[in-house]
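S.K.: I am attaching a structure below and will ask some questions about it afterwards.
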Amino acid sequence: MKRSTRQFFLFTVFSSLLMTQAFAQIGNIRGKVIDPEGNPIEGVAIRIEGMEVARKYKVETDAKGEYYHGGVTRQGTYRVIAQKEGYQSAFADGVQATTDRRGEQGLVDFTLQRGQSGPLLFELTDEQIEQIKADAENADRRQKSAAEVRLNMDQGLELFKQGEYEQALTVFNAALELDDRQPALWANVGNAHSKLNQNEQAVEAYQKAIELAPEDPTLYQNMGGLYASMGDTEKARELYQKAVSLSAYGDPRDAAVNYYNMGVTFINSGKTEEAIEALTNALEADSEYAEAHYQLGISMLGTGQMEESAGHLRKYLELTPQGPNAEVAKQLVDQLGL
Numbered sequence: 483m484k485r486s487t488r489q490f491f492l493f494t495v496f497s498s499l500l501m502t503q504a505f506a507q508i509g510n511i512r513g514k515v516i517d518p519e520g521n522p523i524e525g526v527a528i529r530i531e532g533m534e535v536a537r538k539y540k541v542e543t544d545a546k547g548e549y550y551h552g553g554v555t556r557q558g559t560y561r562v563i564a565q566k567e568g569y570q571s572a573f574a575d576g577v578q579a580t581t582d583r584r585g586e587q588g589l590v591d592f593t594l595q596r597g598q599s600g601p602l603l604f605e606l607t608d609e610q611i612e613q614i615k616a617d618a619e620n621a622d623r624r625q626k627s628a629a630e631v632r633l634n635m636d637q638g639l640e641l642f643k644q645g646e647y648e649q650a651l652t653v654f655n656a657a658l659e660l661d662d663r664q665p666a667l668w669a670n671v672g673n674a675h676s677k678l679n680q681n682e683q684a685v686e687a688y689q690k691a692i693e694l695a696p697e698d699p700t701l702y703q704n705m706g707g708l709y710a711s712m713g714d715t716e717k718a719r720e721l722y723q724k725a726v727s728l729s730a731y732g733d734p735r736d737a738a739v740n741y742y743n744m745g746v747t748f749i750n751s752g753k754t755e756e757a758i759e760a761l762t763n764a765l766e767a768d769s770e771y772a773e774a775h776y777q778l779g780i781s782m783l784g785t786g787q788m789e790e791s792a793g794h795l796r797k798y799l800e801l802t803p804q805g806p807n808a809e810v811a812k813q814l815v816d817q818l819g820l
């Protein structure tokens with residue numbers, strides 16, 4: 483009887499030790515998620531993933547922005563990830579679960595920034611990480627060489643104004659070696675090639691500029707002018723129209739210039755009706771555009787719209803009485819007698 487009692491006592495003690503040890507292996511991870519203003523964010527998905535052993539737990543923040551997950555095995559460390567639509571994801575590595583609900587261990591707070599979230603660092607491949615490093619190094623190099631690039635740009639523009647297109651091109655290319663991510667540099671390279679009648683190289687440079695700044699209407703305008711000089715009216719029209727659409731919500735004068743250039747392109751290719759339409763659009767955007775009045779007046783002469791022609795020629799003289807085409811405009815108005 484005594485032996486049985488002793489065995490039962492030993493079994494009870496042993497079982498208690500096992501239970502105590504088991505409970506000691508279970509803990510919790512908790513924290514709070516707020517926005518940059520300190521407001522709690524509800525509904526943030528929290529993922530708790532073992533870093534050494536494949537364990538996964540999930541929980542969401544409550545109305546106070548708080549989360550708590552009990553029953554987390556204390557063996558090893560965890561990565562805690564916070565994700566919610568409209569916020570940039572965040573994570574913390576090396577987190578250990580704890581049995582203490584008040585101490586620092588097991589406490590992981592997040593401040594989520596607003597915006598779209600890309601892949602987190604641990605989700606990137608080695609190739610992606612190397613690319614990020616390379617991009618950062620290139621950005622640092624461009625920043626350090628910014629002053630020299632600006633100096634080369636200014637020198638190139640001055641040479642361009644003087645008609646020294648070969649020298650300007652050399653200086654612009656030197657700037658590109660320092661920073662090839664500047665659309666203005668590529669545009670100036672295109673302008674220089676265009677002046678040198680190196681049309682293929684000019685097109686390539688303009689295309690590179692557009693890749694870097696696809697919303698800049700000036701780039702399409704420049705390229706449209708190049709195609710117009712090459713006699714490709716349809717391509718020029720397409721590019722001018724793109725420039726017009728991009729400048730629609732900007733300065734109306736920009737749209738007027740693009741319509742005017744389109745009209746002149748049609749005049750040079752003998753498409754009078756199309757020219758009249760484009761020049762009319764230019765004047766709708768800027769009714770004080772003197773050259774558009776002159777070109778529209780000349781174009782309307784060719785279609786027999788004499789009264790309208792005289793009206794636009796008179797408006798040209800009113801706006802620029804000493805303009806480059808003033809003498810011709812006066813003679814035409816006198817001849818029309820309207």
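Our numbering numbers the first residue of the sequence shown as 483 and each following residue consecutively. C-beta atoms are modelled at their ideal positions from N, C-alpha and C, and glycine is treated no differently.
Quick check on residue 527: does DSSP put it in helix, strand or coil?
M.R.: Residue 527: strand per DSSP, three-state reduction.
S.K.: Roughly how many angstroms lie between the CA atoms of residue 681 and residue 729, to the nearest whole one?
M.R.: So the two alpha carbons sit approximately 26 Å from each other.
S.K.: For the beta strand (DSSP E) that contains residue 510, what are its first and last residues?
M.R.: Residues 508-516.
S.K.: From what residue to what residue does the beta strand (DSSP E) around residue 575 run?
M.R.: It spans 572-577 - the beta strand (DSSP E) in which residue 575 sits, taken as one unbroken run.
S.K.: What three-state label does DSSP hand residue 806 in the structure shown?
M.R.: Residue 806: coil per DSSP, three-state reduction.
S.K.: Residue 549 and residue 543 look like a contact to me (Cβ under 8 Å); what is the Cβ gap, rounded to whole Å?
M.R.: The Cβ separation is near 5 Å, so the contact holds.
S.K.: Any idea which residues DSSP pairs residue 551 with across the strands?
M.R.: For residue 551, which the question treats as bridged, DSSP gives the partners 511.
S.K.: Going by the CB atoms, is the gap between residue 596 and residue 563 shorter than 8 Å?
M.R.: No, they are not a contact pair.
S.K.: Could you tell me whether the Cβ atoms of residue 669 and residue 688 are closer together than 8 Å?
M.R.: Yes, Cβ-Cβ distance for residue 669 and residue 688 is below 8 Å.
S.K.: Report the three-state DSSP secondary structure of residue 565 (helix, strand or coil).
M.R.: In this structure, residue 565 counts as strand in the three-state DSSP scheme.
S.K.: From residue 822 to residue 598, what distance separates their C-alpha atoms?
M.R.: In the structure as shown, the chain starts at 483 and stops at 820, and residue 822 therefore has no counterpart that could be examined.
S.K.: Could you give the distance in angstroms between the alpha-carbon of residue 494 and the alpha-carbon of residue 580?
M.R.: Confidence at residue 494 is low in this model, with a pLDDT of 47, below 50, so its placement is unreliable and the value that follows should be read with caution. Roughly 27 Å separates the two Cα atoms.
S.K.: Can you name, in chain order, every residue of its own chain whose Cβ lies under 6 Å from the Cβ of residue 593, other than the five neighbours on each side?
M.R.: Excluding positions up to five away in sequence, the list reads 516.
S.K.: Rounded to the nearest angstrom, how far is the Cβ of residue 665 from that of residue 641, given a contact under 8 Å?
M.R.: Contact flag wrong, Cβ pair sits at about 20 Å.
S.K.: Taking the alpha helix (DSSP H) that residue 677 belongs to, which residues open and close that run?
M.R.: Residues 665-677.
S.K.: Would you please state the rounded distance, in angstroms, between the beta carbons of residue 777 and residue 746? I believe it to be under 8 Å.
M.R.: Confirmed, Cβ separation roughly 7 Å.
S.K.: From which residue to which residue does the beta strand (DSSP E) around residue 539 run?
M.R.: Counting along the chain, the beta strand (DSSP E) containing residue 539 begins and ends at 538-542.
S.K.: What would DSSP say about residue 559, mapped onto helix, strand or coil?
M.R.: The answer is coil: DSSP assigns residue 559 none of H, G, I, E or B.
S.K.: Anyone know if the C-beta pair for residue 754 and residue 781 falls short of 8 Å?
M.R.: The answer is yes: Cβ separation under 8 Å.
S.K.: Inspect the beta-carbon positions of residue 707 and residue 725 and report whether they are closer than 8 Å.
M.R.: Going by C-beta atoms, residue 707 is not nearer than 8 Å to residue 725.
S.K.: Relative to the C-alpha of residue 523, which candidate in 621, 756, 568 has its C-alpha closest?
M.R.: The residue with the shortest Cα to Cα distance from residue 523 is 568.
S.K.: Just the C-alpha distance for residue 756 and residue 659, rounded to the nearest angstrom, thanks.
M.R.: One C-alpha to the other measures close to 43 Å.
S.K.: Locate the alpha helix (DSSP H) running through residue 699, then write down its first and last residues.
M.R.: Element bounds for residue 699: 699-711.
S.K.: Going by CA-CA distance only, name the one from 763, 551, 716 that's closest to residue 750.
M.R.: Among 763, 551, 716, the Cα nearest to that of residue 750 is on 716.
S.K.: What do you get for residue 521, buried or exposed, if any count of 16 or more other CB atoms within 10 angstroms of its CB means buried?
M.R.: Exposed.
S.K.: Alpha carbon to alpha carbon, how far is residue 527 from residue 566?
M.R.: Whole-angstrom Cα-Cα distance: 6 Å.
S.K.: Going by beta-carbon coordinates alone, are residue 603 and residue 513 separated by less than 8 Å?
M.R.: No, they are not a contact pair.
S.K.: Between the C-alpha atoms of residue 771 and residue 600, what's the straight-line distance to the nearest angstrom?
M.R.: Using only the alpha carbons, I get a separation of about 48 Å.
S.K.: With 16 other CB atoms within 10 Å as the buried threshold, where does residue 661 fall?
M.R.: Buried, by the Cβ-count rule.
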